[in-house]
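Numbering (the working numbering), first residue to last: 9 to 172.
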(Lines of atoms letter the chains of each structure in order from A and count residues from 1; the text may use other names and numbers.)
(Lines give C-alpha, C1' and ligand atoms only; values in the text may rest on other atoms or scores of the structure.)
Protein backbone atom coordinates (compact mmCIF):
# COMPACT_ATOMS: atom_id res chain seq x y z
CA UNK A 1 0.00 0.00 0.00
CA UNK A 2 1.34 3.42 -0.95
CA UNK A 3 1.16 6.24 1.59
CA UNK A 4 -0.60 9.29 0.11
CA UNK A 5 1.50 12.43 -0.41
CA UNK A 6 1.30 15.24 2.08
CA UNK A 7 -0.77 18.13 0.72
CA UNK A 8 -1.39 21.68 1.87
CA UNK A 9 -4.83 23.29 2.17
CA UNK A 10 -4.76 24.21 -1.55
CA UNK A 11 -3.94 20.62 -2.54
CA UNK A 12 -0.31 21.28 -3.50
CA UNK A 13 2.14 18.50 -2.68
CA UNK A 14 4.13 19.26 0.49
CA UNK A 15 6.51 17.05 2.37
CA UNK A 16 5.53 17.39 6.01
CA UNK A 17 8.06 14.83 7.23
CA UNK A 18 10.80 16.18 9.49
CA UNK A 19 14.24 16.58 7.87
CA UNK A 20 17.78 16.06 9.04
CA UNK A 21 20.38 18.86 8.93
CA UNK A 22 21.28 17.95 5.33
CA UNK A 23 17.64 18.30 4.26
CA UNK A 24 16.95 14.58 3.86
CA UNK A 25 13.46 13.51 4.95
CA UNK A 26 13.40 11.46 8.14
CA UNK A 27 11.13 8.42 8.43
CA UNK A 28 7.43 9.08 8.88
CA UNK A 29 6.64 9.41 12.54
CA UNK A 30 10.14 10.61 13.48
CA UNK A 31 9.72 12.94 16.42
CA UNK A 32 12.59 15.33 15.80
CA UNK A 33 14.17 17.11 12.90
CA UNK A 34 15.70 20.48 12.16
CA UNK A 35 13.61 23.63 11.94
CA UNK A 36 11.93 23.95 8.55
CA UNK A 37 11.48 27.11 6.52
CA UNK A 38 7.77 27.90 6.20
CA UNK A 39 6.49 27.64 2.63
CA UNK A 40 5.01 31.13 2.86
CA UNK A 41 8.10 32.84 4.33
CA UNK A 42 8.75 36.21 2.72
CA UNK A 43 11.88 38.12 3.74
CA UNK A 44 13.42 41.31 2.47
CA UNK A 45 16.44 40.66 0.21
CA UNK A 46 18.76 41.80 3.00
CA UNK A 47 17.11 39.51 5.56
CA UNK A 48 17.11 36.58 3.11
CA UNK A 49 20.86 36.94 2.54
CA UNK A 50 21.53 37.28 6.27
CA UNK A 51 19.47 34.18 7.09
CA UNK A 52 20.93 32.14 4.21
CA UNK A 53 24.47 33.02 5.35
CA UNK A 54 23.67 31.96 8.91
CA UNK A 55 22.39 28.63 7.61
CA UNK A 56 25.41 28.08 5.35
CA UNK A 57 27.71 28.86 8.27
CA UNK A 58 25.78 26.35 10.40
CA UNK A 59 26.33 23.61 7.79
CA UNK A 60 22.77 23.69 6.48
CA UNK A 61 22.94 24.52 2.75
CA UNK A 62 19.61 22.78 2.05
CA UNK A 63 17.79 25.09 4.44
CA UNK A 64 19.71 28.06 2.99
CA UNK A 65 18.38 26.93 -0.39
CA UNK A 66 14.82 27.04 0.97
CA UNK A 67 15.34 30.63 2.15
CA UNK A 68 16.85 31.65 -1.21
CA UNK A 69 14.08 29.85 -3.07
CA UNK A 70 11.54 31.87 -1.09
CA UNK A 71 13.33 35.06 -2.13
CA UNK A 72 13.35 33.84 -5.74
CA UNK A 73 9.61 33.16 -5.74
CA UNK A 74 8.83 36.51 -4.07
CA UNK A 75 11.13 38.61 -6.29
CA UNK A 76 10.03 40.69 -9.23
CA UNK A 77 11.63 40.33 -12.65
CA UNK A 78 14.53 40.60 -13.42
CA UNK A 79 15.78 39.87 -9.88
CA UNK A 80 14.12 36.44 -9.94
CA UNK A 81 16.94 35.00 -12.04
CA UNK A 82 19.58 36.17 -9.57
CA UNK A 83 17.75 34.57 -6.64
CA UNK A 84 17.20 31.40 -8.67
CA UNK A 85 20.95 31.22 -9.35
CA UNK A 86 21.68 31.59 -5.64
CA UNK A 87 19.18 28.84 -4.79
CA UNK A 88 20.84 26.59 -7.39
CA UNK A 89 24.25 27.21 -5.84
CA UNK A 90 22.87 26.23 -2.43
CA UNK A 91 21.45 23.02 -3.91
CA UNK A 92 24.87 22.30 -5.43
CA UNK A 93 26.40 22.72 -1.97
CA UNK A 94 23.71 20.41 -0.58
CA UNK A 95 24.62 17.71 -3.10
CA UNK A 96 28.28 18.05 -2.15
CA UNK A 97 27.40 17.77 1.55
CA UNK A 98 25.33 14.66 0.85
CA UNK A 99 28.12 12.99 -1.14
CA UNK A 100 26.63 13.41 -4.63
CA UNK A 101 29.53 14.72 -6.72
CA UNK A 102 27.67 14.59 -10.04
CA UNK A 103 24.69 16.54 -8.66
CA UNK A 104 27.00 19.03 -6.97
CA UNK A 105 28.88 19.80 -10.18
CA UNK A 106 25.66 20.05 -12.22
CA UNK A 107 23.96 22.50 -9.85
CA UNK A 108 27.09 24.54 -9.12
CA UNK A 109 27.60 24.91 -12.88
CA UNK A 110 23.93 25.77 -13.49
CA UNK A 111 23.93 28.38 -10.72
CA UNK A 112 27.27 29.80 -11.90
CA UNK A 113 25.97 30.04 -15.46
CA UNK A 114 22.95 31.99 -14.29
CA UNK A 115 25.12 34.25 -12.11
CA UNK A 116 27.44 34.91 -15.07
CA UNK A 117 24.46 36.23 -17.06
CA UNK A 118 23.39 38.62 -14.30
CA UNK A 119 23.45 42.30 -15.23
CA UNK A 120 22.03 45.12 -13.25
CA UNK A 121 22.12 46.37 -9.72
CA UNK A 122 22.95 43.77 -7.10
CA UNK A 123 20.60 43.64 -4.10
CA UNK A 124 21.59 43.17 -0.47
CA UNK A 125 25.33 43.60 -1.04
CA UNK A 126 25.59 40.21 -2.77
CA UNK A 127 29.07 39.32 -4.03
CA UNK A 128 28.04 37.99 -7.43
CA UNK A 129 31.61 37.82 -8.78
CA UNK A 130 32.92 36.12 -5.66
CA UNK A 131 30.07 33.58 -5.64
CA UNK A 132 30.59 32.89 -9.33
CA UNK A 133 34.32 32.29 -8.77
CA UNK A 134 33.63 30.08 -5.74
CA UNK A 135 31.04 27.95 -7.56
CA UNK A 136 33.19 27.49 -10.66
CA UNK A 137 36.33 26.65 -8.68
CA UNK A 138 34.48 24.21 -6.41
CA UNK A 139 32.81 22.46 -9.35
CA UNK A 140 36.17 22.03 -11.15
CA UNK A 141 37.80 20.75 -7.95
CA UNK A 142 35.02 18.21 -7.39
CA UNK A 143 35.35 17.04 -11.00
CA UNK A 144 39.10 16.65 -10.58
CA UNK A 145 39.39 15.33 -7.00
CA UNK A 146 35.94 14.16 -5.97
CA UNK A 147 34.38 15.12 -2.65
CA UNK A 148 36.99 13.77 -0.26
CA UNK A 149 38.68 17.13 0.36
CA UNK A 150 35.54 19.23 0.69
CA UNK A 151 35.45 21.28 3.90
CA UNK A 152 32.80 23.26 5.73
CA UNK A 153 34.53 26.37 4.38
CA UNK A 154 33.86 25.13 0.83
CA UNK A 155 30.18 24.66 1.71
CA UNK A 156 29.71 28.13 3.22
CA UNK A 157 30.76 30.77 0.69
CA UNK A 158 30.46 34.43 1.64
CA UNK A 159 27.25 35.77 0.10
CA UNK A 160 28.09 39.43 0.62
CA UNK A 161 30.98 41.53 -0.59
CA UNK A 162 33.57 42.10 2.12
CA UNK A 163 32.08 39.48 4.46
CA UNK A 164 34.54 37.47 6.51
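Don't be surprised by glycine CBs; every beta carbon is placed ideally from N, CA and C.
Counting only residues of its own chain and dropping the five nearest sequence neighbours on each side, residue 95 has a CB closer than 7 angstroms to the CB of 73, 76, 77, 80.
Of the candidates 165, 132, 155, 132 places its Cα closest to the Cα of residue 51. Assignment of residue 53 by DSSP, reduced to helix, strand and coil, places it in the helix class. Of all alpha-carbon atoms in 136, 162, 168, the one lying nearest the alpha-carbon of residue 148 is that of 162.
Assignment of residue 33 by DSSP, reduced to helix, strand and coil, places it in the strand class. Taking the Cα positions, residue 129 is about 11 angstroms away from residue 135.
Here residue 159 is exposed. Its C-beta has fewer than 16 other C-beta atoms within 10 Å.
Short of 6 angstroms from the beta carbon of residue 53, and not among the five residues preceding or following it, lie these beta carbons of its own chain, in chain order: 131, 132. Closest in alpha carbon position to residue 169, among 152, 140, 120, is 140.
By DSSP's assignment, residue 168 forms a beta bridge with 134. Residue 25 sits in coil when the DSSP states are folded into three classes, being neither helix nor strand. Listed in chain order, the non-local C-beta contacts of residue 98 below 6 angstroms within the same chain comprise 69, 72, 73, 76, local neighbours out to five positions each way being set aside.
Sequence-distant partners of residue 101 (beyond 5 residues in either direction) whose C-beta falls short of 7 angstroms from its own C-beta, in its chain, are 69, 163.
Residue 36 sits exposed, since fewer than 16 C-beta atoms from the chains shown fall within 10 Å of its C-beta.
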